[in-house]
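Numbering (the numbering used here), first residue to last: 285 to 508.
Scroll down for the structure; my scribbles are underneath it.
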Amino acid sequence: MSARRAVLLVGSARPRGTGNSEAIGSYLLERLAEGGMDTEVLHVSRTQRPEKERQLLQAVDGAELFVLSTPLYVDALPYLVTRSAERIAAHRTATPVPSAVGFVALVNCGFPEWEHTKTALEICRVFARQSGFAWMGGLGYGAGEAIGGRSLEEVGGLIRSLRQGLDVAAEALLAGRPVPEGAQALLARPMVPSRLYTVLGSIGWLRAARRKGTLGKLGDRPLE
Ligand SMILES: Cc1cc2nc3c(=O)[nH]c(=O)nc-3n(C[C@H](O)[C@H](O)[C@H](O)COP(=O)(O)O)c2cc1C
């Protein structure tokens with residue numbers, strides 16, 4: 285077994301193989317694997333049972349790098365991610381941790397501006413400090429829904445700068461360095477102008493409302 289190991293925890297509640305966080309995290313993990321690291325992927329939705337939780341704690345303890353890739357839920361981390369983070373923090377503060385482990389966080393959100401992820405990234409940084417991880421940096425990405433759960437290669441040129449930013453991050457992490465600021469600058473590049481994204485998003489909502497037969501009710505205010 286290689287001494288270098290990276291563990292990815294996917295923070296989405298979406299089924300395996302369908303989420304944007306998994307697509308982003310897997311892309312980074314593939315770059316780390318190309319650089320010689322062993323890799324393992326775990327999902328928060330599957331770490332609720334005690335044996336799965338033990339598997340997560342052991343995987344993190346045995347890793348050189350712990351990667352969290354998660355969606356933003358209501359401007360913060362999803363409950364299942366918070367729950368896993370609390371378990372990991374309790375474990376790592378109660379028992380002597382076997383080795384230095386780096387922690388890097390990737391947070392994607394639905395709105396086009398990546399800045400919505402800043403609070404969640406700060407929560408991740410504090411989690412790293414309180415749990416004895418070496419903070420290797422965090423990256424925020426907006427308009428995550430444009431990925432549609434596909435692999436980043438499949439999405440193509442629209443998200444070229446996301447792939448470039450993750451490439452830069454992987455290169456630094458493989459060299460044992462934190463994610464450089466230039467990586468966030470690449471992820472911050474809007475894939476489409478935010479006004480166009482809003483128009484396309486509105487069309488999506490209107491289509492969904494028509495499918496569900498609620499088009500005429502969008503202006504309703506039942507609680508007023
Ligand atoms: C319950 C819930 C809350 C969300 N809250 C936010 C939010 O506060 N801001 C935002 O920009 N996107 C929000 N989103 C959108 C997700 O962050 C976005 O769709 C993300 O790409 C989903 O990633 P996934 O496919 O890995 O689950 C929310 C989605 C859900 C389901």
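C-beta: ideal position from N, C-alpha, C; glycine also.
Original post:
With a Cβ-Cβ cutoff of 8 Å, do V351 and L292 count as a contact?
Top reply: yes
Original post:
When you compare only the Cα positions, how much space is there between L236 and A412?
Top reply: This structure cannot settle anything about residue 236, because the visible part of the chain is limited to 285 through 508.
**OP:** With a floor of 4 residues, list each alpha helix (DSSP H) that falls wholly inside the segment 334-386, ordered by position along the chain.
**Re:** 334-345 and 363-378
**OP:** State the Cα-Cα distance for the pair A430 and G319, rounded to the nearest angstrom.
**Re:** Roughly 28 Å separates the two Cα atoms.
Original post:
Roughly how many whole angstroms lie between the Cα atoms of L390 and A467?
Top reply: 11 Å
**OP:** Could you say if the segment 371-379 and the segment 456-470 meet the contact criterion of at least three C-beta pairs nearer than 8 Å?
**Re:** no
Original post:
Do you know offhand how far L316's Cα is from V385's?
Top reply: So the alpha carbons of these two residues sit roughly 15 Å apart.
Original post:
Can the beta-carbon of V241 be found less than 8 Å from the beta-carbon of V365?
Top reply: In the structure as shown, the chain starts at 285 and stops at 508, and residue 241 therefore has no counterpart that could be examined.
**OP:** Would you list the one or two residues that DSSP bridges to N392?
**Re:** P355 and Y425
Original post:
CA-CA distance, G422 and L312?
Top reply: 13 Å
Original post:
Which of the three DSSP states, helix, strand or coil, is assigned to A287?
Top reply: coil
**OP:** With DSSP as the reference, label T302 as helix, strand or coil.
**Re:** coil
Original post:
Within the present structure, is the beta-carbon of E406 separated from the nearest heavy atom of ligand 1 by less than 7 Å?
Top reply: no
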